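Enquirer: Numbering follows our numbering, in which position 104 of the first sequence is assigned residue number 999; successive positions increment by one, without gaps.
Got a structure for you, written out below as structure tokens; questions coming shortly.
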Amino acid sequence: MSQIANQLMQMYQSLLDQYGPRHWWPGDSPFEVMVGAVLTQNTNWTNVEKALERLKNAECLSADKMNRLTHDQLADLIRPAGYFNIKAKRLKNLLSWFCDQYDGQMAALENHSVSRLREELLEINGIGRETADSIILYAFNKPSFVVDTYTHRIFTRHGLIAQDDGYEEIKDFFERHLEEDLHLYNEYHALIVEVGKHHCKPKPKCDGCPLSCYDHDIEI
DNA sequence: GACCAGGCACATC
DNA sequence: GATGTGCATGGT
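Structure below.
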């Protein structure tokens, strides 16, 4: 195992020791996970929960029911998640693909390879890389490492990836150095989000500090 | 009141 | 290709 691979696994173990298994993704069904992946775009999860709850109360958290809603009906139900107009469109786009081509059945996609699933998801307007990878990993239970802003922040601050590395470069970095393991991918991303929420502010006051103090909420 | 949150597409250069 | 901007609610 390479030194970098060792370091990644040590960081993983530290996070797991600190926070324990995260049991991701929260949701009662793969479909709910898929919807949640769109709703959580640049949005706090507690707001997403409110939106999901409204969808459940309206008995619209199924592909068939949601597909029948008008734009305005859907936008109103997901209002607490923010960006409700754009997210309503994005969910509609996702549902068109899912219902028209696969009859709204998750099982119809279970034999797709990760790369095919990813290509099809990325063709949908409103489904970007992180959302696609989240759906593949957490809704379809297939190994596709998810990168988010916390991943970029934390691992550049630890000097493991470059500041200007893009999404695909960071994803490749993890997939190159980690075993291709569904459970590891699942837990690692969830743990990164957890530590990111607590310790990884977007604009560290001591940016550039050689002590990396900004990783620990220490301000100089 | 300012800042942030589990992004993405689009316009412009 | 990179940079800037709009999208919006709710918690701290």
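Backbone N, C-alpha and C fix where the C-beta goes; we use that ideal spot for every residue, glycine too.
Because the structure is a prediction, the values reported are computed rather than measured.
Going by the beta-carbon positions, is the gap between Gly999 and Asp959 smaller than 8 Å?
Expert: In contact: Gly999 and Asp959 (Cβ atoms closer than 8 Å).
Enquirer: Taking DSSP as the reference, what is the three-state secondary structure of Ser1039?
Expert: In this structure, DSSP gives Ser1039 a state outside helix and strand, which the three-state scheme calls coil.
Enquirer: Measuring CB to CB, does Ile1022 end up less than 8 Å from Leu989?
Expert: yes
Enquirer: Please report the distance separating the alpha-carbon of Tyr1080 from that of Val1042.
Expert: 10 Å
Enquirer: Give the C-beta separation of Val928 and Ala1034 to the nearest angstrom, bearing in mind that I take them to be a contact with Cβ-Cβ under 8 Å.
Expert: 4 Å
Enquirer: Can you give the Cα-Cα distance for Cys955 and Leu986, rounded to whole angstroms?
Expert: 13 Å
Enquirer: Leaving out five residues on either side along the sequence, give the residues of the same chain with a beta carbon under 7 Å from the beta carbon of Val872.
Expert: Residue 872 falls outside the range modelled here, since the chain spans only 896 to 1115, and no answer is possible.
Enquirer: Secondary structure at Leu990, three-state DSSP: helix, strand or coil?
Expert: In this structure, Leu990 counts as helix in the three-state DSSP scheme.
Enquirer: Taking DSSP as the reference, what is the three-state secondary structure of Lys1100?
Expert: Low local confidence applies: a pLDDT of 44 at Lys1100 is under 50, so the model's placement there is unreliable, and no value is given.
Enquirer: Taking DSSP as the reference, what is the three-state secondary structure of Glu1014?
Expert: Helix.
Enquirer: How would you write the range of the alpha helix (DSSP H) that Gln902 sits in, first residue to last?
Expert: Gln898 to Tyr914
Enquirer: Note down, in chain order, each residue of its chain lying with its Cβ closer than 8 Å to the Cβ of Ala900, except the 5 sequence neighbours on either side.
Expert: Excluding five sequence positions before and after Ala900, the CB atoms of its chain that fall closer than 8 Å to its own CB belong to His1072 and Leu1073, given in chain order.
Enquirer: Helix or strand or just coil, what does DSSP make of Thr851?
Expert: Past the edges of the chain, shown from 896 to 1115, lies residue 851, and the structure says nothing about it.
Enquirer: When the Cα atoms are used, what is the spatial distance from Lys951 to Leu1017?
Expert: 27 Å
Enquirer: Below 8 Å, how does it come out for the region 924 to 941 and the region 962 to 970: are there three or more Cβ pairs, yes or no?
Expert: no
Enquirer: Is Ile1087 helix, strand or coil when you go by DSSP?
Expert: helix
Enquirer: In whole angstroms, what is the alpha-carbon distance linking Ile981 and Thr935?
Expert: When rounded, the distance between both Cα atoms is 12 Å.
Enquirer: Nearest to His1094 by CA position, among Glu1070, Gly1054, Phe1069 and Arg1048, is which residue?
Expert: When only C-alpha atoms are compared, the closest one is Arg1048.
Enquirer: Just tell me which of Asn937, Gln968, Leu1012 and Tyr1062 has its CA closest to the CA of Tyr978.
Expert: Comparing Cα positions, the closest option is Asn937.
Enquirer: Just the Cα atoms here: how many angstroms apart are Ala1097 and Leu911?
Expert: The residue asked about is misnamed: residue 1097 is Pro in this sequence, not Ala. C-alpha separation (whole angstroms): 23 Å.
Enquirer: I'd like the list of long-range same chain contacts for Met1001, defined as Cβ closer than 8 Å, with 5 residues on each side in sequence excluded.
Expert: Pro925, Phe926, Ala1034 and Phe1035
Enquirer: Suppose contacts are defined by Cβ-Cβ distances below 8 Å. Is Val1009 in contact with Lys984 by that definition?
Expert: No; because the gap between Cβ atoms is not below 8 Å, this pair is not in contact.
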